[in-house]
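Below: one structure, written as structure tokens.
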Amino acid sequence: VDGVVIEGASEVDRSLLTGESLPERVAEGQNIAAGETNLTGPLKVRVRSEGTDTSLRRMADLVAVAENARSRYVSLADRAARIYAPVVHLLAFMAFAGWVTATGDVRLSLNIAVAVLIITCPCALGLAVPAVSTAASGRLFRRGLLVKNATALERLAEVDYVVFDKTGTLTEGKPVLDRHAATVDQQRVARALAAASAHPLAVGLRDGLDVDPAKVTEIREVPGQGIEGRWNGAIVRLGRADWVGASEDVGTATWLQIADAVPVAFRFRDRPRRGAAEAVAGLRRAGCEIELLSGDTPGAVADLASRVGISEWRAGVTPQDKVARLRDLHDRGHRVLMVGDGLNDTAALAEAHASISPASALDASRAVSDVVLLGSQLDPLGEAVVTARSATRRIVENFGIAALYNLIAVPLALAGLATPLAAALAMSTSSILVTLNALRLR
Numbered sequence: 008v009d010g011v012v013i014e015g016a017s018e019v020d021r022s023l024l025t026g027e028s029l030p031e032r033v034a035e036g037q038n039i040a041a042g043e044t045n046l047t048g049p050l051k052v053r054v055r056s057e058g059t060d061t062s063l064r065r066m067a068d069l070v071a072v073a074e075n076a077r078s079r080y081v082s083l084a085d086r087a088a089r090i091y092a093p094v095v096h097l098l099a100f101m102a103f104a105g106w107v108t109a110t111g112d113v114r115l116s117l118n119i120a121v122a123v124l125i126i127t128c129p130c131a132l133g134l135a136v137p138a139v140s141t142a143a144s145g146r147l148f149r150r151g152l153l154v155k156n157a158t159a160l161e162r163l164a165e166v167d168y169v170v171f172d173k174t175g176t177l178t179e180g181k182p183v184l185d186r187h188a189a190t191v192d193q194q195r196v197a198r199a200l201a202a203a204s205a206h207p208l209a210v211g212l213r214d215g216l217d218v219d220p221a222k223v224t225e226i227r228e229v230p231g232q233g234i235e236g237r238w239n240g241a242i243v244r245l246g247r248a249d250w251v252g253a254s255e256d257v258g259t260a261t262w263l264q265i266a267d268a269v270p271v272a273f274r275f276r277d278r279p280r281r282g283a284a285e286a287v288a289g290l291r292r293a294g295c296e297i298e299l300l301s302g303d304t305p306g307a308v309a310d311l312a313s314r315v316g317i318s319e320w321r322a323g324v325t326p327q328d329k330v331a332r333l334r335d336l337h338d339r340g341h342r343v344l345m346v347g348d349g350l351n352d353t354a355a356l357a358e359a360h361a362s363i364s365p366a367s368a369l370d371a372s373r374a375v376s377d378v379v380l381l382g383s384q385l386d387p388l389g390e391a392v393v394t395a396r397s398a399t400r401r402i403v404e405n406f407g408i409a410a411l412y413n414l415i416a417v418p419l420a421l422a423g424l425a426t427p428l429a430a431a432l433a434m435s436t437s438s439i440l441v442t443l444n445a446l447r448l449r
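Just so it is clear: in the sequence shown, position 63 is 70 by my numbering, and no numbers are missing.
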């Protein structure tokens, strides 16, 4: 259900819908939605919508609409086959009819028609795409990319604009302790308080402090605020800035206060994935424009964008905003590659011209993606676009080989200068040439 809080305060995990790893504080009068998880305190909620009217269901509907639109994409091989097969059969019939009319020899006319059919047998044409796709998919698999969709390489080759999600895609999605000015005693107290909470910042603090925890008693969690306890007779608190009396805005941080002392901040960063900057640089070398869309705060998005080399970014973006942005780019003539991992990215992944998800993504995201990044590093993304473009060039070359072969062999068959056996040998030769050309991708 979707609803509004009418009593209580707590922290809510909205990562399923927004993709952001840090919980948000909710209190009376604020909205909550289906798919969100209450973490710290009881909430009394008035239901506003349920079932098919919830935000989660509307997101699923967006995915269905986008997938239906993408399914209308027709591969290059299918477009060629629609023309080739009828033309070949018509040509063989015309050869038979022409020779029968000219000579009256049904046997000779039949041999010539069979030779035409054998020579024009679309083996080379049939191998033009699969041979290249297999070689390109194998090459990408060795680099840690699994191609799932039959038309993915063709669509990936057409990409000229790349949109990244932030949390869990360009970053590891886990807050990492960045810096602090705490004394050893303060660190020990903070470590003890953090051990009593499952909050992502508490987990990051616990992992980032290399000290033994202090002996803190009477520890309790204050819903929506933080952790409180007693150390050496003094009240100690770890949590939100306004709860401990800190007024400075330092971005993503948790604050420690011991008695009435000045609070000290423990600052966090979401560490970029390995190869993130290299992936951005590789995609830019491939001629792609790059944009970052995130539901996170402007400060966090700007910080990450500067670290990985992205100048165009937008913060506070909802799943619906992402879909709208992709549609706007499409209307401007761009072919967009979406790279994302969360349920909030699923509709955008389905809407995009091509899409990639990391292996750590939710099942729903991987299901709608064309390519899955098997490893933890992002640097193969640039190679994916380059390889897809090379594959498209090889496919065009293979069609050229098949066309040149037909241009030479078909007139010979129509003229009665090629026996069915010679036609079979010529057809096999063209198939071998197409396969060898495809293997150049390996």
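The C-beta atom is built at its ideal place from N, Cα and C for all residues, glycine as well.
Residue j beta carbon less than 8 Å from that of residue i
| i | j | result |
| --- | --- | --- |
| residue 377 | residue 367 | no |
| residue 125 | residue 431 | yes |
| residue 301 | residue 322 | yes |
| residue 308 | residue 173 | yes |
| residue 95 | residue 420 | no |
| residue 279 | residue 252 | no |
| residue 381 | residue 152 | yes |
| residue 298 | residue 333 | no |
| residue 230 | residue 48 | yes |
| residue 372 | residue 347 | yes |
| residue 157 | residue 395 | no |
| residue 139 | residue 413 | no |
| residue 164 | residue 399 | yes |
One or two residues paired with residue i in a DSSP bridge
| i | result |
| --- | --- |
| residue 274 | 186 and 260 |
| residue 14 | 51 |
| residue 236 | 243 |
| residue 152 | 380 |
| residue 44 | 20 |
| residue 372 | None, per the DSSP bridge assignment. |
| residue 444 | According to DSSP, residue 444 bridges with nothing at all. |
| residue 345 | 170 and 362 |
| residue 178 | 279 |
| residue 32 | 18 |
| residue 296 | 168 |
| residue 223 | BP columns for residue 223 are empty, so no partner. |
| residue 38 | 11 |
| residue 229 | 233 |
| residue 319 | 298 |
Through-space distance from residue j to residue i, alpha-carbon basis
| i | j | result |
| --- | --- | --- |
| residue 12 | residue 51 | 6 Å |
| residue 385 | residue 46 | 32 Å |
| residue 78 | residue 342 | Note that residue 78 scores 44 on pLDDT, short of 50, meaning its location in the model is unreliable and no value can be drawn from it. |
| residue 274 | residue 206 | 15 Å |
| residue 442 | residue 20 | 52 Å |
| residue 108 | residue 127 | 22 Å |
| residue 403 | residue 318 | 35 Å |
| residue 34 | residue 17 | 7 Å |
| residue 284 | residue 242 | 44 Å |
| residue 4 | residue 429 | Since the first residue of the chain shown is 8 and the last is 449, residue 4 is not available in this structure. |
| residue 135 | residue 411 | 13 Å |
| residue 313 | residue 306 | 11 Å |
| residue 189 | residue 265 | 11 Å |
| residue 39 | residue 328 | 19 Å |
| residue 470 | residue 99 | Because the chain here runs from 8 to 449, residue 470 falls outside it and cannot be looked at. |
| residue 53 | residue 353 | 28 Å |
| residue 170 | residue 276 | 22 Å |
| residue 422 | residue 106 | 9 Å |
| residue 213 | residue 196 | 11 Å |
| residue 215 | residue 222 | 19 Å |
| residue 295 | residue 316 | 13 Å |
| residue 435 | residue 356 | 41 Å |
| residue 391 | residue 370 | 22 Å |
| residue 446 | residue 379 | 23 Å |
| residue 433 | residue 416 | 8 Å |
Residue burial classification, residue i (beta-carbon count within 10 angstroms, cutoff 16)
| i | result |
| --- | --- |
| residue 14 | exposed |
| residue 448 | buried |
| residue 44 | exposed |
| residue 61 | buried |
| residue 424 | exposed |
| residue 101 | exposed |
| residue 444 | buried |
| residue 113 | exposed |
| residue 154 | buried |
| residue 116 | buried |
| residue 239 | exposed |
| residue 224 | exposed |
| residue 97 | exposed |
| residue 76 | Because the pLDDT at residue 76 is just 48, under 50, the model does not fix this residue reliably, and the point stays unresolved. |
| residue 162 | buried |
Validate contact between the segment 162-179 and the segment 287-300 using beta carbons, cut 8 Å, 3 pairs: yes
Cβ contact check for the segment 192-204 and the segment 227-235: 3 or more pairs under 8 Å: yes
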